[in-house]
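Residue numbers (the working numbering): 96 to 284. Just so you know, even glycine gets a beta-carbon here, dropped at the ideal spot from N, CA and C. Here the structure is a predicted model, which means the values were calculated and not measured. Working notes for the structure below.
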């Protein structure tokens, strides 16, 4: 897409009668997003509703525009190692949305709410992580690590939101090469 096409699309967004979200213009397609839009390597602009205007984004907004896509979280019913209905499809579509390649190594970590004993929660969180790891491997994704944390890392301590703690989280595993050890000259120089 050339610069003229981008300008025409942005003008259409700003002049449309109904409020619209900003659009990120990609070579292959258009996708809806809210917030900062990177138009060139060095410039980030914030497009607001049609009643607003286009302006250069501040440093914080530009940083947020470049932030990585948050990977999906899979929720589980109380005491179960089977994800809640629909979670499997949301997991795969979330990975696609975040453009996670099947060759990208993932860390899979299980969690539980605070109900139950520590030993039971550790075992259950590990089983949940293994369940999701198997699901990912069956669909061709690379799983680097599988772990269970029990109830040690809650997202909510509110008893009415306890269900949010019964989850499996994913993280990309950094595969950057380790720094080489310092080279020492052993010939006395």
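- In this structure, DSSP gives residue 215 a helical state, which the three-state scheme calls helix.
- In this structure, residue 228 places its C-beta atom within 7 Å of the C-beta atom of residue 203.
- Residue pairing by DSSP puts residue 202 in a beta bridge opposite 240 and 266.
- By the neighbour-count criterion, in which 16 or more other beta carbons inside 10 Å mark a residue as buried, residue 178 falls on the buried side.
- Judged by beta-carbon spacing, residue 209 lies beyond the 7 Å limit of residue 244, meaning their Cβ atoms are not closer than that value.
- DSSP places residue 192 in the uninterrupted alpha helix (DSSP H) bounded by 182-192.
- Scanning its chain for C-beta atoms nearer than 6 Å, with the 5 sequence neighbours on each side dropped, one finds around residue 225 the residues 241, in chain order.
- The beta carbon of residue 194 sits closer than 8 Å to those of 164, all from its chain and outside the five residues before and after it, given in chain order.
- If you check the CB distance, residue 197 and residue 239 do not come in under 7 Å.
- Counting the other Cβ atoms within 10 Å of the Cβ of residue 268 gives fewer than 16, which makes it exposed.
- Judged by their CB atoms, residue 166 and residue 259 are not nearer to each other than the 7 Å cut-off.
- In chain order, 208 place their CB closer than 6 Å to the CB of residue 257, counting only its own chain and leaving out the 5 sequence neighbours on each side.
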